[in-house]
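Just so you know, we're using the UniProt record's numbering here: the sequence shown kicks off at 1 and counts up by one.
Below you'll find the structure, written out as structure tokens, and then a few comments.
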Amino acid sequence: MIFDAEQSFSLPYPGPHEAALAFLRDPQRSLGRVTFLQNVRVSESIVRAEMLVQVPMMGTLTLPFESELILTNDGAHLTPRTLESQAWAEVGGSGAVQGTTLDYRFAFRVHVDMPTAEKWGGAAFEKMFHATARRTLERLAKEFPDGVRAAMP
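Here it is as structure tokens:
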């Protein structure tokens, strides 16, 4: 199963342009307070973390992701990398600084391998899981700006 969500937002940065640009280009700092991400780390332009997604009936799914960090003149891009796992996420997008305003655009894609439903009960569970997981991912995407704001000085 694959679930998608997107989130775009702008936030004022409480400092000069150069500080805003440095903040945006440092995912470990700027994403470190996003509540559904854990262990955000950067090594040689690769951002790694785990996305925690609470899904009713399934508990908490821990979805690893890796994205390549590409610096641009006005910010940075995240390009998702494919992982080999039963449950994982793609996190991609871009961020740009306009003056002291941070403009973000993120896309999330969650991959969860589940057995194929062969009977009506399994198919009903699959539909229910799909609807619940999709709503949960959309809710998490909406929480993203609060986490970035909390990481600001």
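Even glycine gets a Cβ: it sits at the ideal position worked out from N, Cα and C.
- Comparing alpha-carbon positions, the option among Ile2, Ala5, Val112 lying closest to Leu61 turns out to be Val112.
- DSSP places Phe23 in the uninterrupted alpha helix (DSSP H) bounded by 17 to 24.
- Under DSSP, Pro12 takes part in a beta bridge, and its partners are Thr101.
- Rounded to the nearest whole angstrom, the C-alpha separation of Gly93 and Asn39 is 19 Å.
- The continuous alpha helix (DSSP H) containing Ser30 extends over residues 27 to 30.
- When only Cα atoms are considered, Arg105 and Leu52 end up about 20 Å apart.
- In this chain, the beta strand (DSSP E) harbouring Met51 covers 46 to 55.
- Nearest to Gly59 by alpha-carbon distance, out of Ala133, Ile2, Ala150, is Ala133.
- In the same chain as Val42, and ignoring 5 residues on each side of it, the C-beta atoms closer than 7 Å to its own belong to Pro27, Gln28, Leu69, in chain order.
- For the set Thr136, Glu66, Ala96, Asp74, the Cα lying nearest the Cα of Gln54 is the one of Thr136.
- With 16 or more neighbouring CB atoms inside 10 Å of its own CB, Ser67 falls in the buried class.
- A straight line joining the alpha-carbon of Gly99 with that of Gly75 spans about 12 Å.
- Spatial neighbours of Glu50 in its own chain (CB-CB distance under 6 Å, excluding positions within 5 residues in sequence) are listed in chain order as Gln38, Asn39, Thr62, Pro64.
- Closest in alpha carbon position to Ile46, among Thr82, His17, Gly15, Glu18, is Thr82.
- Distance from Leu21 to Val148 at the Cβ level is roughly 14 Å; contact not present, criterion being Cβ atoms closer than 8 Å.
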